[in-house]
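*Asks:*
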Amino acid sequence: MKENEEVNLGLTQLCGQDNGKGEVTFSTYWERIPGVSHKIWFPGTPEADVQRRLMERDGYRLTSLCGYSVKNRAQYVGVWMKPAPSKNPYEAYYGLSLTECIAKDKYLTTKGYVATQFRVFNNGHNVLCTAIWEYSPGKSHSVEVGENLPRMYRRIQRTDILPRQISHFFDSENTLKYVVLWSNVHTMRFPNPPEIWNDSTSIPVTYLKGAPELLSDDQLNFITKRVEHFMKDLDIPGLSVAISKKEQLKFAAGFGYANVRKKDPVTPHHQFRVGSVSKPITAAAILLLVDQGKVELDDHVFGRNGMFGYIIERKSGISYEEFVKKYIWGEVGVSEIQVARPSLTERARREVLYYMSGNKVGFNPYEMLSPNRIGPWGGWIASPIELLQFMAHFDGKKYFSYINKPSFFL
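Residue numbers for the sequence shown follow UniProt numbering, so the first one is 1 and each next one is one higher.
#1: Start and end of the alpha helix (DSSP H) containing I223?
#2: Counting only the same chain and skipping the five closest in sequence on each side, list residues whose C-beta sits under 8 Å from that of E296.
#3: If I'm right that Y113 touches E91 with Cβ under 8 Å, what's the distance once you round it to whole angstroms?
#4: Near V274, which residues of its chain fall below 6 Å by C-beta distance, leaving aside the five closest residues on each side in sequence?
#5: Which same chain residues end up closer than 7 Å to N259 when comparing Cβ atoms and leaving out the 5 residues on each side of it in sequence?
#6: Have a look at E351 and E331 and give me their C-alpha separation to the nearest angstrom.
#7: Is the segment 176–187 touching the segment 216–228, taking contact as three or more C-beta pairs under 8 Å?
#8: Mark W377 as exposed unless 16 or more other C-beta atoms lie within 10 angstroms of its C-beta, in which case mark it buried.
#9: Ends of the alpha helix (DSSP H) at T99?
#10: Measure the CB-CB distance between V339 and G375 and report whether it falls below 7 Å.
#11: Just verifying my parser: in three-state terms, what is the DSSP assignment at M391?
#12: For the beta strand (DSSP E) containing D18, name the first residue and the last one.
#13: Would F222 be called buried (16 or more neighbouring beta carbons within 10 Å of its own) or exposed?
#14: For R164, count neighbouring Cβ atoms within 10 angstroms of its own Cβ and tell me buried if that reaches 16, exposed if not.
#15: Distance check for D199 and G256, CA to CA, integer angstroms please.
#16: Between P85 and the ligand FMN, is there a pair consisting of the residue's CB and a ligand heavy atom that are separated by less than 6 Å?
#17: Please report the distance separating the alpha-carbon of P342 from that of I236.
#18: For R73, write down the residues that DSSP places opposite it in a beta bridge.
#19: Is the distance from the Cβ of Y68 to the Cβ of F118 below 7 Å?
#20: Name the DSSP bridge partner or partners of T175?
#21: Does the separation of the CB atoms of L287 and Y327 fall below 7 Å?
#22: For the beta strand (DSSP E) holding V145, just list the boundary residues, first then last.
#23: Touch check for the segment 74–86 and the segment 99–107: three-plus C-beta pairs under 8 Å?
#24: Quick one: Cα of P89 to Cα of T63, how far?
#25: Taking the Cβ atom as the reference point for each residue, do L96 and V127 lie within a distance shorter than 7 Å?
#26: Check whether the Cβ atoms of P265 and P204 sit closer than 7 Å, and answer yes or no.
#27: If we ignore side chains and look at the alpha-carbon of each, how far apart do Q51 and Y60 end up?
#28: Mind reading off the beta-carbon distance from T12 to W30? Whole number of angstroms is fine, and I expect it under 8 Å.
#29: What does a CB cutoff of less than 7 Å around E195 pick up in its chain, not counting 5 residues either side in sequence?
#30: According to DSSP, is T25 part of a helix, a strand, or is it coil?
#31: Report yes if the CB atom of I132 is closer than 7 Å to the CB atom of L65, and no otherwise.
As structure tokens, this is what we get:
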């Protein structure tokens, strides 16, 4: 949870369930919320009331409340968040029966409250409920109980009244029934966060010492403007640029933030996941084995007696990462480098953070294929300066010349 907070992912929904073995598993839903902080709460436990008072004192607000049953014992879990999505008064209840919850809903409706969450669950022979109501005069909602969701949907003719939450239970005759919260209050989703950069935002730049003096004012302005336009257009938190000429470093700079939450600027020495640029690094390692006579370029990779798999590990006797660090990066003169690790807590000292902004899709970069699985073709981290060192070192090497042959990419 702390890792997600660090990249501005907020826990907006949380609930537990019995996995069939009397153990609790949790389902979660996360959204991009800049500056978010949250705490998990288990109401009904001895510490719950003290925790609630402390969280209220510290500016947190209860935003999610859910109940579940484990071995016929009702349990509850809530999420407290700040900044709070609303400052309106609210009331929250747990441990009520469905009948009591509907009665509470009718009462609070007369007081100008609207249900923002309404969930039910079976606990033995009982149907229990958790709900949150927020004071919102002028808004409306309804709680419907039924067996046929399409029919329930057709009954509502207003386009502004939408199903905000659906839960279910089995009645005394073991009939599946649904409880649907309808309302014209959109509280289950947070608004899209603002873009990191706008037209008037100044993007911080950190130059490598002496780099600006090697360029003319026009050249420096050209690079800066192009990078800023690229970052603002795609909402990119940070990037790094390095330029060489005749295998000599001429310019390097970091733009934007390596950590948006802490406003840590990107420097020329920050490392990024280099993606498919890992392929020529692996190619250099394989061609080193060719130069050592351990592999032939026409060796079979697929089929019977093929070498498909981690060829470098099989032929060198050490791990892929260890081989590349020792015989490739070691020769280049780069020691602090690695294949990226799959979580924030394992990231390298100079590695930047990755965010959902910029991709316009909404996936979490840390939930993609783990870098250690894709290391040979997409898992390395490096700074642009280190990549230029790699290129300068291997440019013209006997075994590296194979990479320029079209057949190498077939």
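Just so it is clear, CB atoms sit at the ideal spot from N, CA and C, and this is done for glycine as well.
*Replies:* Reading off the structure:
#1: DSSP places I223 inside the alpha helix (DSSP H), whose first and last residues are 217–234.
#2: V290
#3: Rounded, the Cβ-Cβ distance is 7 Å, consistent with contact.
#4: W380, A382
#5: L353
#6: 22 Å
#7: no
#8: By the Cβ-count criterion, W377 is exposed, with fewer than 16 other Cβ atoms from all chains shown falling within 10 Å of its own Cβ.
#9: 98–110
#10: yes
#11: helix
#12: For D18, the uninterrupted beta strand (DSSP E) run begins and ends at 9–18, by DSSP.
#13: exposed
#14: Buried, by the Cβ-count rule.
#15: 14 Å
#16: As for the ligand FMN, it is missing from this structure, which has no ligand bound.
#17: 21 Å
#18: By DSSP's assignment, R73 forms a beta bridge with V70.
#19: no
#20: DSSP lists no partner for T175.
#21: no
#22: 141–146
#23: no
#24: Approximately 12 Å between the Cα atoms of the pair.
#25: Going by C-beta atoms, L96 is not nearer than 7 Å to V127.
#26: Contact check for P265 against P204 passes: the beta carbons are separated by less than 7 Å.
#27: 11 Å
#28: 7 Å
#29: D235
#30: strand
#31: yes
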